[in-house]
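Beneath this line is the structure, given in structure tokens, with notes to follow.
In our numbering, the protein residues as written are 35 to 305.
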């Protein structure tokens, strides 16, 4: 049992169940505000260690509302894509592990911003959710490398190739950038590194299997939520009204109609 298993057993009940939806809603609100303010909103909430230390405390978590894009058309596709990624990770990991992944990513982004600031004190250091979104995409690509997405809704491309391009880009900036850039990249992607090395024994699950499991859970939840299992189509009585009642389906009725033993042979057939 690794550290994630121990944490989940102890704190799993506190997990936010619809976190991918909440993340996308925050991005959508941020995109609308940024478009209305013509970019001023980003400068108001983006993570800036210098401004945080000078009283703008809201920036510590306010950067979480900065959208991945400010294009009205492009943001729709981006948000749908990130929602799909988040839901897929929840289906594989569970709500608690996905919560932990996002939490570690948020804390690592904050830590990276302040580490870079202490190395190179500058009032122009701004950080947003770019690395957090990238780490979420890399986790998705590690689990579903053969999944195809349609770039700009037209060009089909496998997720693993998109992830490879991102990794090469990070490697380029890591090599060519200064110490600040290197610290920022490593610390901001700490959640992916932690989860990759602690979850390598997770088998890859196909999208079809995820949909099958989701459908099964929905059907099981729906069945368990019903107060009864059998109900007579004539009198409306159930097994809870009288435990001695027996129920049968009528083969002559057009549909799945169930009747108690008192009305099985006396009801009017449904045609």
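Note that beta-carbon positions come from the ideal geometry of N, C-alpha and C, so glycine has one too.
Distance between residue 141 and residue 82 (C-alpha atoms, nearest Å): Between the alpha carbons of residue 82 and residue 141 lies a gap of roughly 14 Å.
Given this structure, state the Cα-to-Cα distance separating residue 89 from residue 151, to the nearest angstrom. Answer to the nearest angstrom: the Cα atoms are 16 Å apart.
CB of residue 45 within 8 Å of CB of residue 123, strictly: Result no, Cβ atoms of residue 45 and residue 123 do not sit closer than 8 Å.
CB-CB length for residue 311 against residue 117, believed under 8 Å: Nothing can be reported for residue 311: it is not among the residues displayed for the chain, which extend from 35 to 305.
Helix, strand or coil for residue 81, going by three-state DSSP, please let me know. DSSP places residue 81 in strand when its eight states are reduced to three.
Would you say residue 193 and residue 207 are within 8 Å of each other, going by their C-beta atoms? No. Outside cutoff.
In whole angstroms, what separates the C-alpha of residue 162 from that of residue 134? So the alpha carbons of these two residues sit roughly 19 Å apart.
Among the residues of its own chain, which have a CB less than 7 Å from the CB of residue 305, if the five just before and after it don't count? Once the five neighbours on either side are set aside, the close Cβ partners of residue 305 are 288.
Reducing DSSP to helix, strand and coil, say where residue 237 ends up. Any reading at residue 237 needs caution, since the residue's pLDDT is 46, under 50, leaving its predicted position unreliable; the model's value is listed next. It is coil, neither helix nor strand.
In whole angstroms, what separates the C-alpha of residue 295 from that of residue 303? Each residue's alpha carbon lies about 15 Å from the other.
Do residue 86 and residue 102 count as a contact pair if the criterion is CB distance below 8 Å? For residue 102 and residue 86, no; Cβs fall outside 8 Å.
The beta strand (DSSP E) enclosing residue 54, as first and last residue numbers: For residue 54, there is no enclosing beta strand (DSSP E); the enclosing alpha helix (DSSP H) covers residues 53-70.
Measure the C-alpha to C-alpha separation of residue 297 and residue 281 and round it to an integer number of angstroms. Rounded to whole angstroms, residue 297 to residue 281 spans 9 Å at the Cα level.
7 Å Cβ shell around residue 272 - same chain, five flanking residues per side excluded: For residue 272, same chain residues with a beta-carbon under 7 Å away, outside a window of 5 residues either side, are 262, 264, 265 in chain order.
Quick one: give me the first and last residue of the beta strand (DSSP E) that residue 283 is part of. Boundaries of the beta strand (DSSP E) around residue 283: 281-283.
Reduced DSSP secondary structure (H/G/I, E/B, other) of residue 161: Residue 161: strand per DSSP, three-state reduction.
Close beta carbons around residue 145, own chain, < 7 Å, minus the five adjacent residues each side: Non-local beta-carbon contacts of residue 145 in its own chain, meaning distances under 7 Å to residues more than five positions away in sequence, involve 221 in chain order.
At the level of alpha carbons, what is the spacing between residue 51 and residue 129? Each residue's alpha carbon lies about 6 Å from the other.
Using the rule of at least 16 other Cβ atoms within 10 Å of the residue's Cβ for burial, across every protein chain shown, is residue 169 buried or exposed? When all chains shown are included, residue 169 counts as buried.
According to the Cβ coordinates, are residue 165 and residue 80 closer than 8 Å? The Cβ atoms of residue 165 and residue 80 lie no closer than 8 Å to each other.
In three-state DSSP terms, what is residue 189? Three-state result, residue 189: strand.
Taking Cβ to Cβ, would you say residue 114 is nearer than 8 Å to residue 217? No, these two residues do not count as a Cβ contact at 8 Å.
Taking the alpha carbon of residue 106 as the point to measure from, which residue in 286, 72, 197, 156 has its own alpha carbon closest? The candidate whose alpha carbon is nearest that of residue 106 is 72.
Going by the CB atoms, is the gap between residue 226 and residue 197 shorter than 8 Å? No, the Cβ-Cβ distance between residue 197 and residue 226 is not below 8 Å.
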